[in-house]
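Residue numbers 91 to 200, in this note's numbering, belong to the letters of the sequence shown in order. Every residue gets a Cβ at the ideal spot worked out from N, C-alpha and C, and that includes glycine. Note sheet for the following structure.
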Amino acid sequence: MTTIKASCPGCGEVELTSNDVTLMVCNHAAQSYYTFVCPKCTETVRKPADDHVVSLLMSGGVRAEVWELPAEALEPKAGPVLTYDDLLDFALQLGATDLVAAAAGQVPTR
Ligand SMILES: [Zn+2]
Numbered sequence: 091m092t093t094i095k096a097s098c099p100g101c102g103e104v105e106l107t108s109n110d111v112t113l114m115v116c117n118h119a120a121q122s123y124y125t126f127v128c129p130k131c132t133e134t135v136r137k138p139a140d141d142h143v144v145s146l147l148m149s150g151g152v153r154a155e156v157w158e159l160p161a162e163a164l165e166p167k168a169g170p171v172l173t174y175d176d177l178l179d180f181a182l183q184l185g186a187t188d189l190v191a192a193a194a195g196q197v198p199t200r
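As structure tokens, this is what we get:
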């Protein structure tokens, strides 16, 4: 089995086999990545995989899994960025709708 050398941010260079590496090839190449669990520190490491890395890993026997980026992730975002305050306001408003939700769940009586 081919030995694959990769680097862990905490441990440096580590040796893996093709079964240790998961290669995720995206329909938008910039989102392709590979991941592995570091054999020294057991942290999951995820790194981008450009075309060259994809070719190298596949030639080393790593099976590629294809995934598609959801179209909504590519939609242009307009307006201000969501803040923590916006999120808190949203959560508070959800809490205030409990009475509405409870009323909607009641079975009407005659
Ligand atoms: Zn490590």
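| Asked | Found |
| --- | --- |
| How would you write the range of the alpha helix (DSSP H) that Met148 sits in, first residue to last? | Asp141 to Ser149 |
| Report the option in Asn117, Leu146 and Asp175 whose CA atom is closest to the CA atom of Ile94. | Leu146 |
| Distance, Cα to Cα, Thr112 vs Gly169? | 37 Å |
| I need the residues with a C-beta less than 6 Å from some heavy atom of ligand 1; please give them in chain order. | Cys98, Gly100, Cys101, Cys128, Lys130, Cys131 and Glu133 |
| Can you list the beta strand (DSSP E) stretches of 3 or more residues lying completely in the stretch 109-174, in chain order? | 111-116, 123-127, 134-138 and 154-157 |
| Within this structure, are the beta carbons of Thr92 and Gly150 separated by less than 8 Å? | yes |
| What's the C-alpha gap between Leu172 and Gln183? | 16 Å |
| Between the stretch 137-146 and the stretch 155-170, do three or more beta carbon pairs fall short of 8 Å? | no |
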